[in-house]
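Participant: The sequence shown lines up with residues 918 to 1231 when you count with our numbering. Just so you know, even glycine gets a beta-carbon here, dropped at the ideal spot from N, CA and C. First the structure, then my questions, so here it is.
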Amino acid sequence: MATKKNIIITCAVTGSIYTPTMSEHLPVTGPEIADAAIGAAEAGASIIHLHARDPETGKPSADIDDFMGFIPQIHQATDAVLNISTGGSSLMTLDQRLAPARHIRPEMCSLNMGSMNFGIFTLKKRFSEWKHDWEPALLDATKKTTFQNTYEDIENILSDLGNDKGAKFEFECYDMGHIETLAFYFKEGMVKGPLYVQFVLGVMGGIGATPENLMAMKAAADRLLGPENYQFSVLAAGLQQIPLATMAVILGGNVRVGLEDSLIMPDKQLAKNNAEQVRKIRAIIEELGYLVAKPDEARERLKLKGRDKINATK
Ligand code: KMH
Ligand code: ZN
């Protein structure tokens, strides 16, 4: 973008990668996810990226009732943009993954720009005892499954959630080819601007979390999409979360933090909650002389349909 805008902080509060054994602070129940989201919004996140979990076991869930255990509360308590995942988890079918966003008709949802290996099995060796049997089984499953996002899947999501239900997308790009795919749909006119591109670094199967890779992703997006057509955000997994988010700010982008992407703080201690990560990146943003964007600025810049147009009830 030509002029420097305030920084949009997205907070992804629970996700489907980490499991309850890995951190006692991972939000699991409806009230926990609602508290996490409200705390993150109060700390300065303008977009909240949401997955649900089974409240008994913490297993990733695509059940609308589980989403409704926190959506109304967050919608009532904050004016943050609610961004519903369409990625779900590796054990869900595409229809299961899309059901929550189809119901909620959110202002934003994620759209993963290609099929890929999505390995989280390496996390298994860090633990010997598990709170739930599903945890090691889910990690193992990622050795023999792919995260499916075919061209047809992408087109169905663009058409159903975008054209029909008015959502804008967080385009999740885990590698250069995903930016090429986004550029293809942009040039075809199936994706309309302004684009919000999430550079995802550090997922095994995607590009690694290094400064050089982030520079290369940005250069590819500038060349393929045109700098005037997109805004970007950076999500880096694990310990690189805050360093690469800082680099995103310096490069003119936006940031995503939250326990979906990293359970820890830069000092390697477990984050006690999502707000702690939001406060950390906000302090860095402000130290660097920038401001954080409020939700209505995010709405305006991303041309979102408005918080009154979502279905935040059962
Ligand atoms: N878990 C992140 C690496 C989605 O929800 O659609 C990417 C993500 C995918 O947030
Ligand atoms: Zn997600």
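Give the single residue among Lys1104, Asn1228, Glu1089, Ala969 whose Cα lies nearest to the Cα of Ser1032.
Facilitator: Among Lys1104, Asn1228, Glu1089, Ala969, the Cα nearest to that of Ser1032 belongs to Glu1089.
Participant: Closer than 8 Å: is that where the CB of Gly932 sits relative to any heavy atom of ligand 2?
Facilitator: The answer is yes for Gly932.
Participant: Note down the Cα distance separating Thr936 from Met1134, rounded to an integer number of angstroms.
Facilitator: Going by the C-alpha atoms only, they are around 29 Å apart.
Participant: Indicate the three-state DSSP secondary structure (helix, strand or coil) for Val930 in the structure shown.
Facilitator: Three-state DSSP puts Val930 in coil, outside helix and strand.
Participant: Using the DSSP secondary-structure output, state which residues sit across from Lys1085 in a beta bridge.
Facilitator: Partner(s): Met1025.
Participant: Reducing DSSP to helix, strand and coil, say where Ala969 ends up.
Facilitator: Ala969: strand per DSSP, three-state reduction.
Participant: Which value, in whole angstroms, describes the spacing of the CA atoms of Cys928 and Glu1105?
Facilitator: So the alpha carbons of these two residues sit roughly 31 Å apart.
Participant: When you compare only the Cα positions, how much space is there between Ile1202 and Lys1041?
Facilitator: Using only the alpha carbons, I get a separation of about 34 Å.
Participant: Thinking just about the alpha-carbon of each residue, which of Gly1123, Gly1206, Gly1175 is nearest to the one in Ile926?
Facilitator: Answer by Cα proximity: Gly1175.
Participant: How should Asp983 be labelled, buried or exposed, when 16 other C-beta atoms within 10 angstroms of its C-beta is the threshold for buried?
Facilitator: So Asp983 ends up on the buried side.
Participant: Alpha carbons only, please: which of Lys1222, Lys1189, Lys1085 is nearest the one belonging to Asp952?
Facilitator: Of Lys1222, Lys1189, Lys1085, the residue nearest in Cα terms is Lys1189.
Participant: Let me confirm a value: Asn1080 is counted as buried when at least 16 other C-beta atoms fall within 10 Å, else exposed. Which label applies?
Facilitator: When all chains shown are included, Asn1080 counts as exposed.
Participant: Report yes if the C-beta of Ser1007 is less than 8 Å from at least one heavy atom of ligand 1; otherwise report no.
Facilitator: Result no, Cβ not under 8 Å from ligand 1.
Participant: What are the boundary residues of the beta strand (DSSP E) that includes Tyr1068?
Facilitator: Segment 1068-1074 is the alpha helix (DSSP H) holding Tyr1068; no beta strand (DSSP E) there.
Participant: Taking 8 Å as the line, does the beta carbon of Ser1032 fall inside it for any heavy atom of ligand 1?
Facilitator: It does not: the Cβ of Ser1032 is nowhere closer than 8 Å to a heavy atom of ligand 1.
Participant: Helix, strand or coil for Gly1122? Go by DSSP, reduced to three states.
Facilitator: Gly1122 falls in the coil class under three-state DSSP.
Participant: Please determine whether the Cβ atom of His968 lies at a distance below 8 Å from any heavy atom of ligand 1.
Facilitator: It does: the Cβ of His968 is within 8 Å (strictly closer) of some heavy atom of ligand 1.
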